[in-house]
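Enquirer: My structure is below; once you've seen it, I'll send some questions.
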Amino acid sequence: MNQSFHYLLMINQALFQKKVFNGLIETGLTSGQPKVLDYLSIHDGSIQKDIAFGCQIDPATLTGILKIMEEKGLIERRTLNGNQRSSYVYLTDIGKEKAEKVAETFLAIETEVFHGIEKNEREKFMNIFYKICSNMTDTERLQ
């Protein structure tokens, strides 16, 4: 098996995505929605621009994702002080329930993938992985 960084990262991301969608199949969530719910569970009331950056989703793509989420009753958009140019995105009660299921699924997958890896190895890996992320983007603006 190719053990280059790009290949392992690509394969791990694909496998992780499959596990997430298999774990969330009964929720009816579609692509992009779990990470938006995860982001909003920490940053409820965010503007669309911040959600796009925090989830690393193209703003135009996020617009479509949010529209569907709003139609499903997962989120609601609100304007503050009558400013129609800036809407803030909030989880509804249904959205909060789905976000909780997403968090449970993420935790279960993380527990599974780190099985047999010592705590100190995991911490070291996560620190290095964070540094790699920091080399690619402004991690201060991420989740």
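Heads up: the sequence shown at position 84 corresponds to 84 in full-length UniProt numbering, and the numbers run straight through without jumps. Where is the CB? At the ideal position from N, CA and C, for every residue including glycine. It should be emphasised that the depicted structure is a prediction, and the values quoted were computed from it without experimental measurement.
(1) In this structure, how does DSSP classify Arg77 when only helix, strand and coil are distinguished?
(2) At which residue ranges does the UniProt domain "HTH marR-type" (1 to 134) contain complete alpha helix (DSSP H) runs of 4 or more residues, listed in the order of the chain?
(3) So, is Ala60 buried or exposed, given that buried needs 16 or more other C-beta atoms within 10 angstroms?
(4) Kindly indicate which three-state DSSP category Asp139 falls into: helix, strand or coil?
(5) Report yes or no: do three or more beta-carbon pairs, one from the region 28 to 40 and one from the region 96 to 112, lie closer than 8 Å?
(6) Using the C-alpha atoms, what's the distance from Ile47 back to Asn81?
(7) Closest to Phe21 by C-alpha separation, out of Arg77, Leu9, Pro34, Asn12, would be which residue?
(8) Report buried or exposed for Ile117, applying the criterion of at least 16 other Cβ atoms within 10 angstroms of its Cβ.
(9) For the 8 Å Cβ check, are there 3 or more pairs between the region 64 to 80 and the region 7 to 26?
(10) What's the call for Leu107, buried or exposed, on a 16-neighbour Cβ count within 10 Å?
(11) Would you call the CB atoms of Gly73 and Ile42 closer than 8 Å?
(12) Leu40 and Leu91: beta carbons closer than 8 Å?
(13) Exposed or buried, what is residue 180 when buried is set at 16 or more other beta-carbons lying within 10 Å of its beta-carbon?
Expert: This is what the structure holds:
(1) strand
(2) 5 to 23, 33 to 42, 48 to 55, 59 to 71, 93 to 113
(3) exposed
(4) Per the sequence shown, residue 139 should be read as Thr rather than Asp. DSSP places Thr139 in helix when its eight states are reduced to three.
(5) The region 28 to 40, when compared against the region 96 to 112, does touch it at the 8 Å Cβ threshold.
(6) 14 Å
(7) In terms of CA proximity to Phe21, Pro34 leads the group Arg77, Leu9, Pro34, Asn12.
(8) exposed
(9) no
(10) Per the 10 Å Cβ criterion, exposed.
(11) no
(12) yes
(13) The question about residue 180 has no answer, for the chain in this structure spans 1 to 143.
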